[in-house]
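Counting from 712, one number per residue, gives the positions in the sequence shown under the working numbering. Here's the structure, in structure tokens; my notes come after.
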Amino acid sequence: MRVLYLTHNYPRFAADPSGAFIEELIGALAKDEVEPYVLCPHAAGLAEREKRHGVKICRFRYAPDKDETLAYEGRMLAALKHVKSLRLLASFLKAFARETRRIVEEEKIDLVHAHWLLPAGVAARPALATSRVPLLLSVHGTDVRVLKGLPFGSLLARWVLKRVRLILPVSSYLRDRVSGLVGRGIPSIVLPMPASDMFLTSARKKLTRRIIGIGNLARQKRFDVLVRSLGILARGKIDLDLTLVGDGPERARLEGLAKEEGMARKVEFLGRKPHHELAGILREAGVMVLPSVEEGFGVVLVEAQLAGIAVIGADSGGQREIIQPGETGVLVPPDDPHALAQAIKELYNNERKTLLMAKRGQMKARERFLAAPAALRLLNIYKRILG
């Protein structure tokens, strides 16, 4: 079967972390059963067409090279707030839809699988208006959250979903959020995005004094809560280091906050890192913290668990489906630096218990979140849809 994947986020080059979980999932599908095509945005320096790991990649142009800035760097949401960027977004969606229609017709695509309701779902709707090719839609969290915040978001979501055969939310939490946005009626199957087995390592024998946080440095991730919690611990004479991996609009504010908390020398900002480097960075950490709210899933928690690290997440969103409190990790109230500081303190005060919890987390992550079982489930879904 020929499957076309639509996404605004896909690795631009080897080890690029952008949409790496999508490449991981596609790569695990049986090549003798699925012929994969990927349509994603062009950006300066990228080829319009290439074949990588057996996947045919097509990149659509939507502006001159210097203006193709909406994808890959987390700027899509900001485009909704500025008139000039809205015009660029309109050009983006028009080109996305046009190329989707062309590839479906020319390559005789059997099934289209879009990732993110906005922008891929919005582009797929008009592109497939007169086509009988089934459309599946994976929703990841940011798309639903953005649409809920727009005055016309619910109407736009309903318009897109009228053409969708099956929704694939990455968590039960997100499935319920979609139902709250558009009502029930469209079939859905929860399918978490997988983590790479490159993160797997042997069980830890020692808890290092380094905390790690990975993700876009955006308000929703709440890394300010993590920085404040380390400040609280430092004032209590508990000495820990923090490494933040990622970049985004909150970086300058977080750097200023680290200085305010007297933690400037204890907080390291690494910026964005290639995906293959994350495994090595994780192996140097003792505890991974994801304090974000309304997280659709939280694949970085799974990657940390596979690396044998103890994990702490905010008791919010899809993180509850990764962490079994006290068994495979710790959940803390969101937006509460004191509760987070206490949870970190308890992990370091009970090292043997923490290492055992990390080992259990690793075992569960191997069973539930690696690419091979996820790809098999997805392949069976495709076969069922195509009859």
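Note that the Cβ used here is the ideal one computed from N, Cα and C, for glycine as well.
- Query: From what residue to what residue does the beta strand (DSSP E) around K767 run?
  - Reply: Taking the first residue of the sequence shown as position 1, residue 767 is located at position 56. Residues V766 to F771.
Check whether the Cβ atoms of D958 and R983 lie closer than 7 angstroms to each other. In the sequence shown, the residue the question calls residue 958 occupies position 247. In the sequence shown, the residue the question calls residue 983 occupies position 272. Using a Cβ distance threshold of 7 angstroms, D958 and R983 count as a contacting pair.
Problem set entry | Through-space distance from A731 to P722, alpha-carbon basis | The sequence position of residue 722 within the sequence shown is 11, counting from 1. The sequence position of residue 731 within the sequence shown is 20, counting from 1. Between P722 and A731, the C-alpha separation is close to 6 angstroms.
| message | I'd like to confirm the pairing. Which residues does DSSP put opposite H824 in its beta bridges? | response | Locating residue 824 in the sequence shown gives position 113, where the first residue counts as 1. Y716 and L847.
* **Cβ-based burial, P898 [other Cβ within 10 Å; buried from 16]** => Position 187 of the sequence shown, counting from 1, holds the residue named residue 898. With fewer than 16 other Cβ atoms within 10 Å, it is exposed.
Mind checking which residues open and close the alpha helix (DSSP H) that includes I733? On the sequence shown, position 22 is the one that residue 733 refers to. Start and end: A731 to A739.
| Going by Cα to Cα distance, which pick from P845, D727, F863 and L937 is closest to H1049? | Residue mapping note: residue 1049 aligns to position 338 of the sequence shown, counting from 1. Closest option to H1049, Cα to Cα, is L937.
- Message: Measuring straight from C-alpha to C-alpha, what distance separates R713 and K819?
- Response: To locate residue 713, count along the sequence shown from 1; it is residue 2. To locate residue 819, count along the sequence shown from 1; it is residue 108. So the alpha carbons of these two residues sit roughly 7 angstroms apart.
Item to complete: Locate the beta strand (DSSP E) running through F980, then write down its first and last residues.
Response: Within the sequence shown, numbered from 1, the residue matching residue 980 stands at position 269. F980 -> beta strand (DSSP E) spans V978 to G982.
Spatial neighbours of S883 within its chain, please: C-beta separation below 7 angstroms, excluding the five flanking residues on both sides. In the sequence shown, residue 883 corresponds to position 172, counting from 1. Cβ neighbours of S883 beyond the five flanking positions: V901 and E1032.
Indicate whether L804 and V823 have their beta-carbon atoms separated by less than 7 angstroms.
In the sequence shown, counting from the first residue as 1, residue 804 sits at position 93. In the sequence shown, counting from the first residue as 1, residue 823 sits at position 112. No, the Cβ-Cβ distance between L804 and V823 is not below 7 angstroms.
From the DSSP output, which residues share a beta bridge with A1023?
Taking the sequence shown and counting its residues from 1, the one referred to as residue 1023 is at position 312. It is Ile, not Ala, that sits at residue 1023 in the sequence shown. I1023 is bridged to V1000 and V1041.
Taking all protein chains shown into account, do 16 or more other C-beta atoms lie within 10 angstroms of the C-beta of G973, making it buried, or fewer, making it exposed?
Position 262 of the sequence shown, counting from 1, holds the residue named residue 973. G973 comes out exposed.
(request) Using DSSP bridges, identify the partner residues of R886. (result) Along the sequence shown, read from residue 1 onward, the residue named residue 886 stands at position 175. Answer is none; R886 lacks a bridge partner.
Exposed or buried, which one is H793 when buried takes at least 16 other CB atoms within 10 Å? Position 82 of the sequence shown, counted from the first residue, corresponds to residue 793. That one is exposed.
* Asked: If you draw a straight line from the C-alpha of T1039 to the C-alpha of S802, how long is it?
  -> Within the sequence shown, the letter at position 328 stands for residue 1039. Within the sequence shown, the letter at position 91 stands for residue 802. Cα to Cα, the separation comes out at about 45 angstroms.
Less than 7 angstroms separating the beta-carbons of L872 and G864?
Locating residue 872 in the sequence shown gives position 161, where the first residue counts as 1. Locating residue 864 in the sequence shown gives position 153, where the first residue counts as 1. No. Outside cutoff.
Exercise for review: Report the partner residues of P747 according to the DSSP bridge assignment.
Suggested key: The residue given as residue 747 occupies position 36 in the sequence shown. Looking at the DSSP assignment, P747 forms a beta bridge with V714.
*Would DSSP call P1084 helix, strand or coil?*
Here residue 1084 refers to the residue found at position 373 of the sequence shown. The answer is helix: DSSP assigns P1084 an H, G or I state.
Worksheet item: Hey, would you say I922 sits closer than 7 angstroms to L951, going by beta carbons?
Response: Against the sequence shown, residue 922 aligns to sequence position 211. Against the sequence shown, residue 951 aligns to sequence position 240. Yes, the pair counts as a contact, with Cβ atoms nearer than the cut-off.
Considering only C-alpha positions, which residue in the set L715, D743, A726 and L717 is nearest to L1087?
Translated into positions along the sequence shown, residue 1087 becomes position 376. The shortest C-alpha separation from L1087 is found at D743.
For I897, does the three-state DSSP call read helix, strand or coil? Locating residue 897 in the sequence shown gives position 186, where the first residue counts as 1. In the structure shown, I897 falls within a coil segment according to DSSP collapsed to helix, strand and coil.
Q: With T841 as the anchor, note down where its beta strand (DSSP E) starts and where it stops.
A: Sequence index remark: in the sequence shown, residue 841 carries index 130 (1-based). No beta strand (DSSP E) holds T841; DSSP gives it neither H nor E.
Proximity below 7 angstroms, CB of E810 to CB of L750: Sequence index remark: in the sequence shown, residue 810 carries index 99 (1-based). Sequence index remark: in the sequence shown, residue 750 carries index 39 (1-based). Yes, the Cβ-Cβ distance between E810 and L750 is below 7 angstroms.
**Prompt:** Are there three or more Cβ pairs, one per stretch, closer than 8 angstroms when the stretch 906–920 is compared with the stretch 983–998?
**Reply:** yes
Going by C-alpha distance, which of V1004, S940 and A1015 is nearest A1052? Position 341 of the sequence shown, counting from 1, holds the residue named residue 1052. With distances taken between Cα atoms, A1052 lies closest to S940.
What does the Cβ neighbour count give for F1008, buried or exposed, with the cut at 16 atoms within 10 Å?
Position 297 of the sequence shown holds residue 1008. Under this definition F1008 is a buried residue.
Q.
I'd like to confirm the pairing. Which residues does DSSP put opposite L877 in its beta bridges?
A. Working through the sequence shown from its first residue, we reach residue 877 at position 166. L847.
*Can you pull the DSSP bridge partners for I925?*
Within the sequence shown, the letter at position 214 stands for residue 925. V956, per the DSSP bridge assignment.
inquiry  = Using DSSP's beta-bridge definition, name the partner residues of A906.
reply    = Against the sequence shown, residue 906 aligns to sequence position 195. According to DSSP, which records beta bridges pairwise, A906 is partnered with L1081.
Between A969 and A975, is the Cβ-Cβ spacing less than 7 angstroms? Within the sequence shown, numbered from 1, the residue matching residue 969 stands at position 258. Within the sequence shown, numbered from 1, the residue matching residue 975 stands at position 264. Contact: yes.
**OP:** Counting only the same chain and skipping the five closest in sequence on each side, list residues whose C-beta sits under 6 angstroms from that of E1014.
**Re:** For the purposes of this step, residue 1014 is taken as residue 303 along the sequence shown, with counting starting at 1. Excluding positions up to five away in sequence, the list reads A906 and F910.
Could you tell me which of F1080, A990, P728 and P837 sits nearest to R813, measuring between CA atoms? Here the question's residue 813 lines up with position 102 in the sequence shown. It is P837 whose Cα lies nearest to the Cα of R813.
Review point. Would a C-beta distance cut-off of 7 angstroms place A825 and A840 closer than the cut-off?
Key: Counting from 1 along the sequence shown, the entry for residue 825 is found at position 114. Counting from 1 along the sequence shown, the entry for residue 840 is found at position 129. No, the pair does not count as a contact, with Cβ atoms beyond the cut-off.
_If distances are taken between C-alpha atoms only, which option among K1056, Y1093, G1019 and E1062 comes closest to A1076?_
For the purposes of this step, residue 1076 is identified with residue 365 of the sequence shown, where counting begins at 1. For A1076, the closest alpha carbon among the candidates K1056, Y1093, G1019 and E1062 is that of G1019.
Suppose contacts are defined by Cβ-Cβ distances below 7 angstroms. Is Q1016 in contact with G1072 by that definition?
As a first step, residue 1016 must be located in the sequence shown, where it is residue number 305. As a first step, residue 1072 must be located in the sequence shown, where it is residue number 361. Cβ atoms of Q1016 and G1072: closer than 7 angstroms.
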